[in-house]
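Below is one structure, written out as C-alpha cells, with a few remarks after it.
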Amino acid sequence: MVIEKKLQEMGLELPELPAPSGLYVPARRVGNLIYIAGQTPDAHGKRQFVGVVGEDLSIEDGKRSAQVSALNILAVLKAELGDLDKVKQFVQIISYVRCSKGFGDHPAVIDGASELFKNLYGEAGLAARLAIGANELPGGSATEIMAVVEVEG
Amino acid sequence: MVIEKKLQEMGLELPELPAPSGLYVPARRVGNLIYIAGQTPDAHGKRQFVGVVGEDLSIEDGKRSAQVSALNILAVLKAELGDLDKVKQFVQIISYVRCSKGFGDHPAVIDGASELFKNLYGEAGLAARLAIGANELPGGSATEIMAVVEVEG
Amino acid sequence: MVIEKKLQEMGLELPELPAPSGLYVPARRVGNLIYIAGQTPDAHGKRQFVGVVGEDLSIEDGKRSAQVSALNILAVLKAELGDLDKVKQFVQIISYVRCSKGFGDHPAVIDGASELFKNLYGEAGLAARLAIGANELPGGSATEIMAVVEVEG
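Quick mapping for you: the protein sequence lines, in order, are chains A, B and C. With this note's numbering, letter number 3 in the first sequence gets 811, and the count goes up by one each step, no holes. With this note's numbering, letter number 16 in the second sequence gets 824, and the count goes up by one each step, no holes. With this note's numbering, letter number 66 in the third sequence gets 874, and the count goes up by one each step, no holes.
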C-alpha cells in the first residue's frame with residue numbers, strides 16, 4: 809500500500825466513494841483500462857468548491873478544487889482495484905474549469921490534480937490532458953475531471 | 809433482435825443514420841470498442857431540440873433532447889453492428905447540455921439518454937459518464953452526446 | 809516519408825513539439841492507440857489564433873486555427889512514432905471552438921483540422937468526432953483539439 813501511505817504522509821485522505829448523481833457508474837473496465845466518470849470536488853458528502861474561477865474563486869482555490877476532484881478519482885480507483893499500487897499509468901485526462909469570461913489559466917488550475925498524481929506516481933501520474941473552460945458544471949462545481957487509467961493485468 | 813423489439817414496445821423508433829455535418833465518420837471500431845461521434849438531437853432529417861436549457865427549454869425538454877441524441881447513438885450502433893443485441897456494455901459517455909448561466913442540473917438532463925440505455929441493456933447500459941454545460945452546441949442543439957461502447961467479439 | 813512529403817507539397821510544415829503548458833505529457837501510448845493531449849493553435853513558440861470565433865474571428869480564421877491545432881497533433885505523432893506513415897487511422901477527435909453567444913458552426917471550424925487529416929490520410933484521416941463550443945480556452949485560444957489515433961503495431 810505504498811501509494812496510500814504517501815497520501816497519508818501528505819496529510820490527505822481518500823474521500824468516500826461518491827454516490828453517482830445520476831444514471832451512471834463510477835468506472836468501467838475494459839481490458840487493463842479503467843474509464844472513470846467525471847469527478848466534481850466532493851468530500852464528506854458535500855461539494856467543497858462551488859463558484860466561478862476568475863470571479864468568486866481564485867486560481868489557488870481552483871487548484872484545491874482540482875485536487876479534491878483528483879482525490880475522488882483515486883477513491884474510484886481504490887474501489888475498483890482494492891489497491892492503488894496497481895495503477896500503471898494515467899493515460900488521458902479530460903478536465904473542465906467553470907470560469908469567468910476572459911479566464912485562460914485552465915492548465916494552472918488543473919495542475920492541482922496533476923501535481924497530486926505526479927507526487928504519488930511520478931512520471932506515470934501524468935496523462936495526455938485536456939484542460940479547458942466550461943460555462944457551467946453540475947451543481948456549480950468549480951472543476952470536473954474525467955480520466956482513463958491503465959492498470960496492472 | 810431483442811433490443812429493437814424493446815424499443816418498439818417503448819413506442820420508440822431508430823432515426824435514420826444522421827448524415828455527418830462535417831468531415832468525420834459516425835463511428836470508428838478498434839478491437840471490440842466502438843467510438844461514436846457526438847450526436848445532436850436529430851430525427852426525420854431535422855434538429856428536434858434547439859434552445860438553451862434553463863432559458864428556452866425546461867429540464868424535461870432537455871431530457872427528451874438527450875433521449876433523441878441517445879437514439880442516434882443507437883442508430884449508429886445498428887449501422888455498425890447490424891444488430892443492437894451485440895452491444896456488451898456502454899463504457900464511456902461524454903455529454904453536454906447547452907445551458908443558461910447558473911444552470912447546474914446537467915446530470916438530470918443527460919439521464920434522459922442513460923435511462924433509455926438502462927431500460928434497454930440493464931446495468932450494462934450505464935457508463936462512466938461526464939455530463940456538463942456548454943455555452944454553445946452545433947446549430948443551437950440542446951444536447952450533444954458522444955459514447956464509447958464495447959461490443960461482442 | 810510519404811505523409812511528410814505531402815505536407816511539404818501543401819506548403820505546410822510541422823511545428824516544433826509544443827512544450828506542455830502544465831503537468832501533462834504530449835501523448836500516452838496503450839497498445840496501438842496513441843492518446844494525444846489537447847492542442848492549441850501554436851507555431852514558432854507563439855499562439856497563432858487568440859480570440860472568439862463569431863466575434864473577433866471569422867469561421868475562416870477558426871478553420872485556420874483548427875489547422876494549426878491539427879499540425880501540432882501531427883508534431884506530437886511524429887515525436888512519438890518517428891514517422892507519420894505509421895498512422896493507421898484517426899479514431900476519436902474531441903474538439904472545441906471558443907465562440908460567441910449564438911454561434912453554431914463548430915463543425916465547419918473544426919473541418920479545418922479534419923480536412924488536413926483527410927488530405928494526408930484519406931478516409932483513415934476522419935474520426936468519430938465531437939466539435940462544440942467552449943466559453944473559454946487556455947490563453948484565449950480559438951480552438952483546442954484532442955485526438956486518439958491508431959498506429960501500426
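Cβ coordinates follow ideal geometry from the N, Cα and C atoms, glycine included. Bear in mind the structure is a predicted one, so any value in this text is a computation, not a measurement.
Legend entry - chain C within 8 Å of B/I844, Cβ atoms only: Reading the second sequence from its first residue, position 36 is the one you call residue 844 of chain B. B/I844 counts as touching chain C.
Inset, instruction - For B/H914, count neighbouring Cβ atoms within 10 angstroms of its own Cβ and tell me buried if that reaches 16, exposed if not. - result: Locating residue 914 of chain B in the second sequence gives position 106, counting from the first residue. Label assigned to B/H914: buried.
Inset, instruction - Taking C-beta pairs closer than 9 Å, name the residues in chain B that C/D919 reaches, listed in chain order. - result: Counting from one through the third sequence, the residue named residue 919 of chain C turns up at place 111. Ordered by position in chain B, the residues that pass the 9 Å Cβ test against C/D919 are G830, L831, Y832.
Inset, instruction - Thinking C/I902 and C/M954 are a contact (beta carbons under 8 Å), I'd like their distance in whole angstroms, please. - result: To locate residue 902 of chain C, count along the third sequence from 1; it is residue 94. To locate residue 954 of chain C, count along the third sequence from 1; it is residue 146. Confirmed, Cβ separation roughly 5 Å.
Legend entry - Element boundaries [beta strand (DSSP E), containing B/G912]: On the second sequence, position 104 is the one that residue 912 of chain B refers to. Unbroken run through B/G912: none, as it is neither H nor E.
Legend entry - Buried versus exposed, by CB contacts within 10 Å (16 or more), A/N927: Stepping through the first sequence from its first residue, residue 927 of chain A is reached at position 119. A/N927 should be labelled exposed.
Inset, instruction - Closer than 7 Å by beta-carbon distance: list the chain B residues that pair up with C/F911, in chain order. - result: Indexing the third sequence from 1 puts residue 911 of chain C at position 103. The answer, in chain order, is E944.
Inset, instruction - Just the chain A side, please: which residues come within less than 7 Å of C/M782 by C-beta, in chain order? - result: This structure gives no information on residue 782 of chain C, because the portion of chain C shown stretches from 809 to 961.
Legend entry - Own chain residues within Cβ distance below 6 Å of A/Q887, not counting five before or after: Counting from 1 along the first sequence, the entry for residue 887 of chain A is found at position 79. The residue you asked about is not Gln; residue 887 of chain A is Ala in the sequence shown. Excluding positions up to five away in sequence, the list reads L825.
Legend entry - Below-8 Å beta-carbon distance, B/I902 vs any chain C residue: Indexing the second sequence from 1 puts residue 902 of chain B at position 94. Yes, B/I902 lies at the interface with chain C (some Cβ there is under 8 Å from its Cβ).
Legend entry - Extent of the continuous beta strand (DSSP E) run through C/L938: Along the third sequence, read from residue 1 onward, the residue named residue 938 of chain C stands at position 130. Segment 936 to 942, the beta strand (DSSP E) holding C/L938.
Inset, instruction - Identify the contact partners of A/P915 in chain C, using a Cβ-Cβ distance below 7 Å as the criterion. - result: Taking the first sequence and counting its residues from 1, one reaches residue 915 of chain A at position 107. Simply S829, G830, P946.
Inset, instruction - Anything in chain C within Cβ reach of B/A835, meaning under 9 Å, just list it in chain order. - result: Here the question's residue 835 of chain B lines up with position 27 in the second sequence. Correct list: A936.
Legend entry - C-alpha gap between B/A883 and B/S922, whole angstroms: Here the question's residue 883 of chain B lines up with position 75 in the second sequence. Here the question's residue 922 of chain B lines up with position 114 in the second sequence. C-alpha separation (whole angstroms): 15 Å.
Inset, instruction - Go ahead and label B/S949 buried or exposed: buried means 16 or more other beta carbons lie within 10 angstroms of its beta carbon, across all protein chains shown. - result: By 1-based counting over the second sequence, the position of residue 949 of chain B is 141. The residue is buried, with at least 16 neighbouring Cβ atoms inside 10 Å.
Inset, instruction - List the residues of chain A whose Cβ lies closer than 9 Å to the Cβ of B/V957, in chain order. - result: For this step, residue 957 of chain B is matched to residue 149 along the second sequence. Correct list: empty, because the minimum Cβ distance to chain A is about 10 Å.
Inset, instruction - Identify every run of the beta strand (DSSP E) within the stretch 836 to 914 of chain A, keeping only runs that are complete inside it and at least 3 residues long; order them along the chain. - result: 841 to 847, 895 to 906
Legend entry - Test: A/V895 CB closer than 8 Å to a CB of chain C: On the first sequence, residue 895 of chain A is found 87 positions in, with the first residue counted as 1. Not closer than 8 Å to any Cβ of chain C, the Cβ of A/V895 fails to qualify, so no.
Inset, instruction - Taking the CB atoms as reference points, tell me whether B/I844 and A/A942 lie closer together than 8 Å. - result: As a working mapping, residue 844 of chain B is identified with position 36 in the second sequence. As a working mapping, residue 942 of chain A is identified with position 134 in the first sequence. Not a contact, by the Cβ cut-off of 8 Å.
Inset, instruction - Compare the beta carbon distance of A/A874 and C/R836 with 8 Å and say whether it is the shorter of the two. - result: Reading the first sequence from its first residue, position 66 is the one you call residue 874 of chain A. Reading the third sequence from its first residue, position 28 is the one you call residue 836 of chain C. No, Cβ-Cβ distance for A/A874 and C/R836 is not below 8 Å.
Inset, instruction - Using a Cβ cut-off of 8 Å (strictly closer), state whether C/V838 contacts chain A. - result: Here residue 838 of chain C refers to the residue found at position 30 of the third sequence. Answer yes: the Cβ-Cβ gap between C/V838 and chain A drops below 8 Å somewhere.
Legend entry - Neighbour list for C/S922 in chain B, Cβ cutoff strictly below 7 Å: Counting from 1 along the third sequence, the entry for residue 922 of chain C is found at position 114. Here the neighbours are G830, L831, Y832.
Legend entry - Beta-carbon proximity list for C/P828, same chain, < 8 Å, skipping 5 on both sides: Start at 1 with the first residue of the third sequence, and residue 828 of chain C comes out as number 20. Excluding sequence neighbours, C/P828 sits near P834, A845.
Legend entry - Within-8 Å CB hit, C/L825 to chain B: If you number the third sequence from 1, residue 825 of chain C lands on position 17. No - not a single Cβ of chain B is within 8 Å of the one on C/L825.
Inset, instruction - Please name the residue, chosen from B/V959, B/E821, B/G870, B/D864, that lies closest to B/H852 on a Cα-to-Cα basis. - result: On the second sequence, residue 852 of chain B is found 44 positions in, with the first residue counted as 1. Comparing Cα-Cα distances from B/H852 to each of B/V959, B/E821, B/G870, B/D864, the minimum goes to B/E821.
Inset, instruction - Sort C/K909, C/V838, C/E944 by Cα distance to A/V860 and report the nearest one. - result: Here residue 860 of chain A is taken as the residue at index 52 of the first sequence, counted from 1. Closest option to A/V860, Cα to Cα, is C/E944.
Legend entry - Straight-line gap, C/G961 to C/K854 (C-alpha atoms, nearest Å): Locating residue 961 of chain C in the third sequence gives position 153, counting from the first residue. Locating residue 854 of chain C in the third sequence gives position 46, counting from the first residue. Going by the C-alpha atoms only, they are around 34 Å apart.
Inset, instruction - Output the boundary residues of the alpha helix (DSSP H) element that contains A/E812. - result: Position 4 of the first sequence holds residue 812 of chain A. 810 to 817 is the span of the alpha helix (DSSP H), which, as asked, contains A/E812.
Inset, instruction - For A/E952, I'd like the list of residues in its chain whose CB is within less than 6 Å of its CB, leaving aside the five on either flank, ordered along the chain. - result: Residue numbering aside, residue 952 of chain A sits at position 144 when the first sequence is read from its first letter. Closer than 6 Å at Cβ, skipping near neighbours: G846, T848, Y904, L945.
Inset, instruction - Indicate the three-state DSSP secondary structure (helix, strand or coil) for C/E923 in the structure shown. - result: By 1-based counting over the third sequence, the position of residue 923 of chain C is 115. C/E923: helix per DSSP, three-state reduction.
Inset, instruction - Could you name the residues of the same chain whose beta carbon sits closer than 7 Å to that of C/V810, not counting the 5 residues immediately before and after it, in chain order? - result: By 1-based counting over the third sequence, the position of residue 810 of chain C is 2. For C/V810, where only same-chain residues beyond five positions count, the Cβ hits under 7 Å are D893.
Inset, instruction - Please state whether DSSP places C/E952 in a helix, a strand or coil. - result: As a working mapping, residue 952 of chain C is identified with position 144 in the third sequence. In the structure shown, C/E952 sits in a strand (DSSP, three-state: E or B).
Legend entry - Separation of B/N840 from A/K814, as counted between CA atoms: Position 6 of the first sequence, counted from the first residue, corresponds to residue 814 of chain A. Position 32 of the second sequence, counted from the first residue, corresponds to residue 840 of chain B. Whole-angstrom Cα-Cα distance: 37 Å.
Inset, instruction - Confirm, please, whether the CB-CB distance from A/V959 to A/K896 is below 8 Å. - result: On the first sequence, residue 896 of chain A is found 88 positions in, with the first residue counted as 1. On the first sequence, residue 959 of chain A is found 151 positions in, with the first residue counted as 1. Yes. Within cutoff.
Inset, instruction - Buried or exposed for B/K871, please, with buried defined as at least 16 other CB atoms from any protein chain shown within 10 angstroms of its CB. - result: The residue labelled residue 871 of chain B in the question sits at position 63 within the second sequence. With 16 or more other Cβ atoms within 10 Å, it is buried.
Inset, instruction - Look at A/V876 and A/F898 and say whether their C-beta atoms are less than 8 Å apart. - result: One-based indexing of the first sequence puts residue 876 of chain A at position 68. One-based indexing of the first sequence puts residue 898 of chain A at position 90. Contact: no.
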